[in-house]
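Colleague:
Numbering (this note's numbering), first residue to last: 4 to 368.
1. So what does DSSP say about residue 261, is it helix, strand or coil?
2. Using three-state DSSP, classify residue 217 as helix, strand or coil.
3. Which runs of the alpha helix (DSSP H) fall wholly inside the stretch 230-282 and span at least 4 residues, in chain order?
4. Hey, out of 107, 38, 342 and 50, whose CA is closest to residue 364's CA?
5. Quick one: what's got a C-beta closer than 7 Å to residue 43's C-beta in the same chain, skipping five residues either side?
6. Taking 8 Å as the cut-off, does the stretch 222-232 touch the stretch 302-313 (at least 3 CB pairs, one atom from each stretch)?
7. So, for residue 273: in the same chain, excluding its five sequence neighbours on each side, which residues have a beta-carbon less than 7 Å away from its beta-carbon?
8. List the endpoints of the continuous beta strand (DSSP E) containing residue 307.
9. Beta-carbon separation of residue 226 and residue 348 under 9 Å?
10. Exposed or buried, residue 154, counting other C-beta atoms within 10 Å across all chains shown (16 or more means buried)?
11. Output the distance between the C-alpha atoms of residue 90 and residue 83, rounded to the nearest integer angstrom.
12. With a 10 Å radius around its C-beta and 16 neighbouring C-beta atoms as the bar for buried, classify residue 14 as buried or exposed.
13. Between which two residues does the alpha helix (DSSP H) carrying residue 28 extend?
14. Quick check on residue 74: does DSSP put it in helix, strand or coil?
15. Is the Cβ-Cβ distance between residue 87 and residue 98 less than 9 Å?
16. Tell me where the beta strand (DSSP E) around residue 84 begins and ends.
17. With a threshold of 16 other CB atoms inside 10 Å of the CB of residue 256, please say whether the residue is buried or exposed.
18. How big is the Cα-Cα spacing for residue 290 and residue 32?
19. Pull up the CB-CB distance for residue 210 and residue 71, whole angstroms please, since I reckon it's below 8 Å.
20. Let's test the definition: count the other Cβ atoms within 10 Å of the Cβ of residue 294 and tell me whether it reaches 16, buried, or not, exposed.
21. Residue 198 and residue 171 - do their beta-carbons sit closer together than 9 Å?
22. Using 9 Å as the threshold, is the C-beta distance between residue 36 and residue 61 below it?
23. Rounded to the nearest angstrom, what separates residue 139 and residue 161 at their Cα positions?
24. In terms of residue numbering, what span does the beta strand (DSSP E) encompassing residue 66 cover?
25. Given that a residue counts as buried once 16 or more other Cβ atoms are within 10 Å of its Cβ, and exposed if not, what is residue 326?
26. With 16 as the cutoff for other CB atoms within 10 Å, does residue 355 come out buried or exposed?
27. With a threshold of 16 other CB atoms inside 10 Å of the CB of residue 180, please say whether the residue is buried or exposed.
28. Take residue 249 and list the residues in its own chain whose beta-carbon comes closer than 6 Å to its own, dropping the five residues that flank it on each side.
29. I need the straight-line Cα distance from residue 362 to residue 306, nearest angstrom please.
30. Can you check DSSP and say which residues form a bridge with residue 54?
31. Answer with buried or exposed for residue 19, where buried requires no fewer than 16 other C-beta atoms within 10 angstroms of its C-beta.
32. Counting along the chain, where does the beta strand (DSSP E) carrying residue 290 start and finish?
33. Can you list, in chain order, the residues of its chain with a C-beta nearer than 8 Å to that of residue 150? Leave out the 5 residues immediately preceding and following it.
34. Considering just the uninterrupted stretch of the alpha helix (DSSP H) at residue 331, what are its terminal residues?
35. Between which two residues does the beta strand (DSSP E) harbouring residue 349 extend?
36. Evaluate residue 164 with the Cβ neighbour count: other Cβ atoms within 10 Å of its Cβ, from every protein chain shown; 16 or more gives buried, anything less gives exposed.
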């Protein structure tokens with residue numbers, strides 16, 4: 004009996020010693036690049052740099068901690084090198100030459116070792132590569148009117164269907180979960196619930212899992228509902244709440260500095276609306292889906308925005324605000340909100356915004 008207990012204790016200790024590391028270490032060796040060249044570790048999910056260092060004797064390291072495995076890239080802009088892979092809290096080894104990293108069809112299996120998530124990402128890319136090439140060629144034909152829109156759609160749908168099939172057949176990993184979220188609008192919510200239900204608790208509680216769970220269960224606001232409050236910061240890093248403007252007729256405008264139609268609307272329509280309704284208890288509130296503060300500021304300065312303009316600096320694809328207001332990448336979209344906080348009208352880009360506002364103010368008079 005004592006021997007059995009001793010064996011169990013030993014096994015428990017061995018299991019404890021083998022627990023997963025809670026930090027990542029990237030050890031890279033890249034030949035052919037000069038000493039002191041700057042290298043960045045770039046988060047492809049948030050579009051922000053995680054860390055930076057310099058190359059010494061063809062080597063560099065990155066060390067840190069991730070909440071979840073994340074798509075990243077090693078960026079050496081001086082040489083136009085951007086090597087993408089999935090990073091997780093493990094020891095990752097990268098060994099390559101500058102020439103290899105500049106090759107178009109590089110085999111990442113040969114240069115990156117240690118990331119289990121990356122392995123499934125590579126399998127997925129190998130499966131999809133011929134389909135994407137076929138779809139790209141079909142798009143060129145479609146753009147030259149050599150095939151119809153319906154014919155091109157068949158190529159696109161074929162790629163989408165095979166992608167989704169792979170992700171459902173390989174569900175319990177961060178790569179598949181993040182990609183299922185990207186395909187969320189192509190799938191019925193019942194199908195997404197089926198996928199989500201089979202995930203282990205670790206994945207359900209991950210950042211990707213929470214986004215998918217929110218998408219499945221959050222019911223976007225509709226006309227007649229009270230607005231959902233939004234909290235962000237303006238360009239001066241001051242907190243702004245949508246509820247700060249309750250009591251006014253609000254035009255809640257969703258935009259981004261990278262969105263040409265948004266900028267066109269703000270340039271051509273908003274100054275006129277402000278002048279026309281200046282005596283009508285009217286307030287424009289713009290919420291930006293920019294993730295880069297400099298780009299947001301540059302666009303805002305160029306537009307000379309004089310009204311309230313705030314953001315969480317989060318991509319539209321990852322921002323819960325987009326889910327709460329039923330938004331996809333199709334912006335600008337605006338909501339006219341009454342003084343009591345009720346949503347009176349959802350206004351898309353092709354709608355006549357001034358006409359819709361005239362209707363609202365006509366009812367008040």
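The beta carbon of each residue, even a glycine, is placed where N, CA and C say it ideally should be.
Modeller: This is what the structure gives:
1. As a position in the chain shown, residue 261 is number 258, starting the count at 1. Residue state, collapsed to three classes: coil.
2. As a first step, residue 217 must be located in the chain shown, where it is residue number 214. Helix, per DSSP.
3. Unbroken alpha helix (DSSP H) stretches of 4 residues or longer found wholly inside the stretch 230-282: 263-271 and 273-279, given in chain order.
4. The residue given as residue 364 occupies position 361 in the chain shown. Residue 364 has its Cα closest to that of 342, out of 107, 38, 342 and 50.
5. To locate residue 43, count along the chain shown from 1; it is residue 40. 52, 55 and 78, listed in sequence order.
6. With the cut-off at 8 Å, the stretch 302-313 and the stretch 222-232 do not touch.
7. The residue labelled residue 273 in the question sits at position 270 within the chain shown. Within its own chain, the residues whose Cβ lies closer than 7 Å to the Cβ of residue 273, once the five positions on either side in sequence are excluded, are 287, listed in chain order.
8. Within the chain shown, the letter at position 304 stands for residue 307. Counting along the chain, residue 307 falls outside any beta strand (DSSP E), and DSSP gives it neither H nor E.
9. Here residue 226 corresponds to residue number 223 of the chain shown, with the count starting at 1. Here residue 348 corresponds to residue number 345 of the chain shown, with the count starting at 1. Yes, these two residues count as a Cβ contact at 9 Å.
10. On the chain shown, position 151 is the one that residue 154 refers to. Per the 10 Å Cβ criterion, exposed.
11. As a first step, residue 90 is located in the chain shown; it is residue number 87 there, counting from the start. As a first step, residue 83 is located in the chain shown; it is residue number 80 there, counting from the start. About 21 Å.
12. Start at 1 with the first residue of the chain shown, and residue 14 comes out as number 11. Bear in mind that the predicted position of residue 14 carries a pLDDT of just 43, short of 50, making it unreliable; the figure below should be weighed with that in mind. Exposed is the call here.
13. Locating residue 28 in the chain shown gives position 25, where the first residue counts as 1. Annotation for residue 28: no alpha helix (DSSP H) segment contains it, though the beta strand (DSSP E) segment containing it runs 27-34.
14. Reading the chain shown from its first residue, position 71 is the one you call residue 74. Three-state DSSP puts residue 74 in a strand.
15. On the chain shown, position 84 is the one that residue 87 refers to. On the chain shown, position 95 is the one that residue 98 refers to. Their beta carbons are not under 9 Å apart, which means residue 87 does not touch residue 98 by this criterion.
16. Locating residue 84 in the chain shown gives position 81, where the first residue counts as 1. Counting along the chain, the beta strand (DSSP E) containing residue 84 begins and ends at 84-90.
17. Here residue 256 is taken as the residue at index 253 of the chain shown, counted from 1. By the neighbour-count rule (16 or more Cβ atoms within 10 Å), residue 256 is buried.
18. Taking the first residue of the chain shown as 1, we reach residue 290 at position 287. Taking the first residue of the chain shown as 1, we reach residue 32 at position 29. Roughly 43 Å between the two C-alpha positions.
19. Counted from its first residue, the chain shown places residue 210 at position 207. Counted from its first residue, the chain shown places residue 71 at position 68. Contact flag correct, Cβ pair sits at about 5 Å.
20. The sequence position of residue 294 within the chain shown is 291, counting from 1. Buried, because 16 or more other Cβ atoms sit within 10 Å of the Cβ of residue 294.
21. Locating residue 171 in the chain shown gives position 168, where the first residue counts as 1. Locating residue 198 in the chain shown gives position 195, where the first residue counts as 1. A contact, by the Cβ cut-off of 9 Å.
22. Taking the first residue of the chain shown as 1, we reach residue 36 at position 33. Taking the first residue of the chain shown as 1, we reach residue 61 at position 58. Result yes, Cβ atoms of residue 36 and residue 61 sit closer than 9 Å.
23. The count along the chain shown starts at 1 and reaches residue 139 at position 136. The count along the chain shown starts at 1 and reaches residue 161 at position 158. Answer to the nearest angstrom: the Cα atoms are 13 Å apart.
24. Locating residue 66 in the chain shown gives position 63, where the first residue counts as 1. Element bounds for residue 66: 62-67.
25. Counting from 1 along the chain shown, the entry for residue 326 is found at position 323. Per the 10 Å Cβ criterion, buried.
26. As a working mapping, residue 355 is identified with position 352 in the chain shown. It counts as exposed.
27. Locating residue 180 in the chain shown gives position 177, counting from the first residue. Burial call: buried.
28. Stepping through the chain shown from its first residue, residue 249 is reached at position 246. For residue 249, where only same-chain residues beyond five positions count, the Cβ hits under 6 Å are 344.
29. One-based indexing of the chain shown puts residue 362 at position 359. One-based indexing of the chain shown puts residue 306 at position 303. Whole-angstrom Cα-Cα distance: 27 Å.
30. Numbered from its first residue, the chain shown carries residue 54 at position 51. Answer is 44, bridged to residue 54.
31. To locate residue 19, count along the chain shown from 1; it is residue 16. For residue 19, the pLDDT reaches just 41, beneath the cut-off of 50, and the residue's location in the model is therefore unreliable, although a value from the coordinates is still provided. Its Cβ having fewer than 16 others within 10 Å, residue 19 is exposed.
32. Indexing the chain shown from 1 puts residue 290 at position 287. Boundaries of the beta strand (DSSP E) around residue 290: 285-291.
33. Position 147 of the chain shown, counted from the first residue, corresponds to residue 150. Around residue 150: 141 and 144.
34. Within the chain shown, the letter at position 328 stands for residue 331. Counting along the chain, residue 331 sits inside no alpha helix (DSSP H), nor does DSSP assign it H or E at all.
35. Walking along the chain shown from the start, residue 349 turns up at place 346. Start and end: 346-351.
36. As a first step, residue 164 is located in the chain shown; it is residue number 161 there, counting from the start. Burial call: exposed.
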